[in-house]
Amino acid sequence: MDKEYVLRIPAKVEGLDLILAFVSYLLDLNGCSGKARTQLRTAVEEIYVNQTLYAYPEGDGWAEMRGSVENDAATFTLIDGGTPFDPLAKADPDILLSGEERGIGGLGIFLVKTTMDEMKYEYRDGCNRLMMRRRLHDDP
């Protein structure tokens with residue numbers, strides 16, 4: 001595995017710019033395509049914002065982002081010590097229904113699941129760990 005980069009910050013929505021700068025830096029170092037860059041940044045944003053809003057209902061907490069690139073694929077893992085929550089266990093919304101019929105929520109996680117090549121969740125050592133992996137370039 002190539003070098004793993006780690007960023008740990010307070011779990012606050014205001015930290016999103018720092019998280020996205022971290023992601024962009026790693027992608028820029030490895031010549032990521034525009035489409036993959038957009039999808040990875042959007043996925044990280046969705047998961048990070050949910051993490052900051054829901055992981056710590058009792059107060060302040062921390063968020064950790066781990067990133068690496070290997071075999072032309074970027075891997076980002078978001079970790080927090082908050083309330084256990086597996087976003088991959090949530091049923092996918094029926095996107096054929098109208099917004100009123102479908103209800104609120106679930107589209108962001110669905111978008112992340114459909115744009116990543118691989119995702120994995122585990123709750124280990126008192127921490128949520130959500131891994132996302134995507135190729136840096138799409139086949140022509």
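So for the sequence shown, this note's numbering puts the first residue at 1; every next one is plus one. Glycine included, C-beta positions come from ideal geometry on N, C-alpha and C. Values in this document were obtained by computation on a predicted structure and should not be read as measured data.
Residue span of the beta strand (DSSP E) that contains residue i, given as start and end
i      : result
Tyr204 : It is not possible to answer for residue 204, since the shown part of the chain is limited to 1 through 140.
8 Å contact criterion, which residue i and residue j should meet: CB distance rounded
i     : j     : result
Thr52 : Ala63 : 7 Å
Leu16 : Val49 : 7 Å
Reduced DSSP category for residue i - H, G, I as helix; E, B as strand; rest coil
i      : result
Glu118 : strand
Ala63  : strand
Asp80  : strand
Tyr54  : helix
Asp138 : coil
Met1   : Since pLDDT at Met1 reaches only 48, below the 50 mark, its modelled position is unreliable, and the value read off the structure follows with that caveat. Looking at Met1 - three-state DSSP - the assignment turns out to be coil, as it is neither helix nor strand.
Lys90  : coil
Residues bridged to residue i [DSSP beta-bridge criterion]
i      : result
Thr75  : Ser68 and Arg133
Cys32  : According to DSSP, which records beta bridges pairwise, Cys32 is partnered with nothing at all.
Tyr25  : DSSP output for Tyr25 lists no bridge partner at all.
Arg124 : Cys127
Counted within 10 angstroms of its Cβ, other Cβ atoms place residue i as buried (16 or more) or exposed
i      : result
Thr38  : exposed
Pro87  : buried
Val112 : buried
Glu46  : buried
Gly67  : buried
Leu27  : buried
Arg124 : exposed
Ala89  : exposed
Asp80  : buried
Thr83  : exposed
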